[in-house]
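Working notes for the structure below.
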Amino acid sequence: MAPTIPIYVLYFFFYSAAGWLMESIYCSLAKRKWINRGFLTGPMCPIYGTGAVALLVCLSPIKESYAIPSVLKPVLLFIVGMIVADIVEFITSVLMEKLFHARWWDYSDRKFNIQGRICLRNSLYWGIATIVFFYIVHPPVEEIISMIPANIVYIILGLIFAVFLADLINAVRTALDIRKLMDKMRSMKENIEQKMAEFQQSVSKRTEQSSWAGDFSARLTETKEQLDNYQKLKRPGLHKTGRMFRGSQLNKASDRSIQAIEEALAELKRKLTNNDDEMY
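Okay, so the sequence shown: first residue is 176 according to our numbering, each after it adds one.
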């Protein structure tokens, strides 16, 4: 019997957690310290859950088909699984970059990549993972979940979804805060570059430059204060000692963005100061 929608949702949460655990352990061993590889604060990486459900929906007919010879099924699973996983990874990368102006992975330094979002090496890994998934991982998971009574499934989903939704809202709000700051800094950078170009063309505008520089410096100070306030208020729970899920990828990405903004602030102020010195 084909899985119902609630079962697919349960698969999504299970494989999101399993994928998060697998990737976090792998990266933690490489760095010799605990690293939360998830977009969220909690133990979940939705791209793995999405990929698993996409594979189940698209490839289960191939695995269960009696018309396809058994020797060909692994080959088809490898090829189609590689394509499906690449599509999921590519779309996820595009959406996250459009929504949050940030990238959570970049394969630009690897051969045969497409926009740094997917690459051949990872595609081959996805193909191998698809075969392992269908022949080793999923069968026992499917059997165990099929033994759970329907009413218990709904209770489990309700509890998990409530926590997941709260975590997702918090993560999105944090990412949008960073996006607003980055948009503001981008606008300010374009403004100063335009003004500097105009001022260099005419020495008669020195008085105007001095006035604008003072106003712009005040705006820089205001933005710096916003950054300081954001860092003080940002996820205070993450700084508690012993917090298992401390330091999600989103939190690290926001820290990198803040560092870049602060460096840009210092550079802009330096340019303003140097320009004032040249005027007088």
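Cβ atoms here follow ideal geometry from the backbone N, Cα and C, with glycine treated the same way.
Legend entry - Beta-carbon proximity check, H228 vs Y186, cutoff 8 Å: A small correction: the amino acid at residue 228 is Val; His does not occupy that position in the sequence shown. In this structure, Y186 lies closer than 8 Å to V228 by Cβ.
Legend entry - Residue interval of the alpha helix (DSSP H) (run including Y201): 180–206
Legend entry - Three or more C-beta pairs below 8 Å linking the region 253–260 and the region 293–304: yes
Inset, instruction - My understanding is that G217 touches G194, with C-beta atoms under 8 Å, so please give their C-beta distance in whole angstroms. - result: That belief does not hold up - the Cβ atoms of G217 and G194 are roughly 13 Å apart, past 8 Å.
Legend entry - Proximity winner among L204, H276, E264, I323, relative to L230 (alpha-carbon distances): E264
Legend entry - Contacting residues, own chain, Cβ-Cβ under 6 Å from I311 (five flanking each side not counted): none
Inset, instruction - Excluding the 5 residues preceding and the 5 following E198 in the sequence, name in chain order all residues of the same chain whose CB lies nearer than 7 Å to its CB. - result: R212, C220
Legend entry - Contacts around N345, its chain only, beta-carbon distance under 6 Å, and the 5 residues preceding and following it disregarded: none
Legend entry - CA-to-CA distance, S321 to G226, given in whole angstroms: 20 Å
Inset, instruction - Taking 8 Å as the cut-off, decide whether the C-beta atoms of A350 and F275 are in contact. - result: yes
Inset, instruction - Taking the CB atoms as reference points, tell me whether P181 and Y329 lie closer together than 8 Å. - result: yes
Inset, instruction - Write down the C-beta distance between L196 and F309 rounded to the nearest angstrom, noting that I regard them as a contact closer than 8 Å. - result: Not confirmed; about 20 Å, so no contact.
Inset, instruction - Identify, in the order they occur along the chain, each residue of the same chain with its Cβ nearer than 7 Å to the Cβ of R285, setting aside the five sequence neighbours on each side. - result: C294, R296
Inset, instruction - With DSSP as the reference, label I323 as helix, strand or coil. - result: coil
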